[in-house]
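Undergrad:
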Amino acid sequence: MIYGFHAVTSRIRQNPNGVLEIYLQAQRQDPRMRDLIKLAESNGVRVISVDAKRLDGMAGGTRHQGVAARVDASRRVTHLEDVLETLEEPPLLLVLDGVQDPHNLGACLRSADAFGVHAVIAPKDRAVGINATVEKVACGAAETVPYITVTNLARTLRELKERDIWVVGTAGEATQDLNGFRHPGPLALVLGAEGEGLRRLTRETCDELVRIPMLGSVESLNVSVSAGICLFEARRQRATV
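Under the numbering used here, the first residue of the sequence shown carries the number 2, and numbering increases by one thereafter.
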């Protein structure tokens, strides 16, 4: 189940065949709701009108905005090779080492979509995975950016290196500054979990570590903010080549 206007609308636009049915709060008759009904009907998606109490129960406390949808989660891209073999430009990948907050993951996916990331990679264990909250925060990016989970993250990073993809981790204690880092070619940016940062094996597997220059009193940034900064710099460098 996914909830909210952005998540449901984006899912219908990106993958209407994967939307099994949508549930709309009967009491809402505003233009936004009418537009969603029109979009669903034009794509052959079944619309079911329900009362607010039933939607509240389906959402389990999630803010649903009067909209929910039952979707087929099996239609996602699941293998990194399926992404890499279809690219027409050097890969740009975002690797998240154990992000457990769904709001942070959703925000990372939004940044990934904004800066043209080809895939987001995360471990199957010690990570939140795609859920209804992530879908809602991502505002459709969970549909446009492949989210690929792997059993062994360090092994996956080594496989990326074998494909000549430069693996760069972010760490506050790194000696290399992001402003001085240059690599406009195939790149995988690796960010750590909230508070803990990169795990030891992940850190040791990276080709290089960089840090975001900090001028204020705070010691670190939210992982989604860090992702946005690093991805912006990666795209800026590619644009100047």
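Just so you know, even glycine gets a beta-carbon here, dropped at the ideal spot from N, CA and C. If you're wondering where the values come from, they're calculated on a predicted model, not measured in any experiment.
On the three-state DSSP scale, how would you describe residue 57?
TA: helix
Undergrad: Under the assumption that residue 85 contacts residue 91 (Cβ atoms under 8 Å), give the Cβ distance between them as a whole number of angstroms.
TA: At roughly 11 Å, the Cβ-Cβ gap does not stay under 8 Å, so residue 85 and residue 91 are not in contact.
Undergrad: In the DSSP output, what is residue 98 paired with across the bridge?
TA: 193
Undergrad: Does DSSP classify residue 63 as helix, strand or coil?
TA: The answer is coil: DSSP assigns residue 63 none of H, G, I, E or B.
Undergrad: Leaving out five residues on either side along the sequence, give the residues of the same chain with a beta carbon under 7 Å from the beta carbon of residue 73.
TA: Close CB contacts of residue 73 within its chain, under the 7 Å cut and outside five residues either way in sequence, are with 19, 21 (chain order).
Undergrad: How would you write the range of the beta strand (DSSP E) that residue 26 sits in, first residue to last?
TA: 20 to 26
Undergrad: Can you tell me which of the three DSSP states residue 177 falls into?
TA: strand
Undergrad: Below 8 Å on the Cβ atoms is my guess for residue 52 versus residue 27; work out the distance and round it to an integer in Å.
TA: 6 Å
Undergrad: In terms of residues, what are the limits of the beta strand (DSSP E) holding residue 209?
TA: 209 to 212
Undergrad: Locate the beta strand (DSSP E) running through residue 124, then write down its first and last residues.
TA: 120 to 124
Undergrad: Among 71, 177, 223, 151, which residue has its Cα nearest to the Cα of residue 120?
TA: 151
Undergrad: Determine the DSSP secondary structure at residue 229, reduced to helix, strand or coil.
TA: helix
Undergrad: Can you tell me the Cα-Cα spacing of residue 219 and residue 171, whole angstroms?
TA: 16 Å
Undergrad: What is the rounded straight-line gap between the Cα of residue 211 and the Cα of residue 70?
TA: 41 Å
Undergrad: Name the two residues that bound the continuous alpha helix (DSSP H) containing residue 69.
TA: Segment 68 to 72 is the beta strand (DSSP E) holding residue 69; no alpha helix (DSSP H) there.
Undergrad: Residue 137: buried (16+ other C-beta within 10 angstroms of its C-beta) or exposed?
TA: A residue is called buried when at least 16 other Cβ atoms come within 10 angstroms of its Cβ; residue 137 meets this threshold and is buried.
Undergrad: Express the C-alpha separation of residue 221 and residue 173 in angstroms, rounding to a whole number.
TA: 7 Å
Undergrad: Assuming contact is defined by CB atoms lying nearer than 9 Å, are residue 134 and residue 117 in contact in what I supplied?
TA: no
Undergrad: Taking the DSSP output, what are the residues bridged to residue 3?
TA: 70
Undergrad: The alpha helix (DSSP H) that contains residue 134, what's its start and end?
TA: Per DSSP, residue 134 is one residue of the alpha helix (DSSP H) stretching across 133 to 139.
Undergrad: Compare the beta carbon distance of residue 158 and residue 191 with 9 Å and say whether it is the shorter of the two.
TA: yes
Undergrad: Sorted by chain position, which residues of the same chain lie with C-beta nearer than 6 Å to residue 81's C-beta, five sequence neighbours on each side aside?
TA: 149
Undergrad: From residue 122 to residue 183, what distance separates their C-alpha atoms?
TA: 22 Å
Undergrad: Note down, in chain order, each residue of its chain lying with its Cβ closer than 6 Å to the Cβ of residue 96, except the 5 sequence neighbours on either side.
TA: 122, 189, 191
Undergrad: Could you give the distance in angstroms between the alpha-carbon of residue 216 and the alpha-carbon of residue 68?
TA: When rounded, the distance between both Cα atoms is 43 Å.
Undergrad: Tell me which same chain residues have a C-beta within less than 8 Å of the C-beta of residue 127, skipping the five on either side of it?
TA: 99, 101, 194
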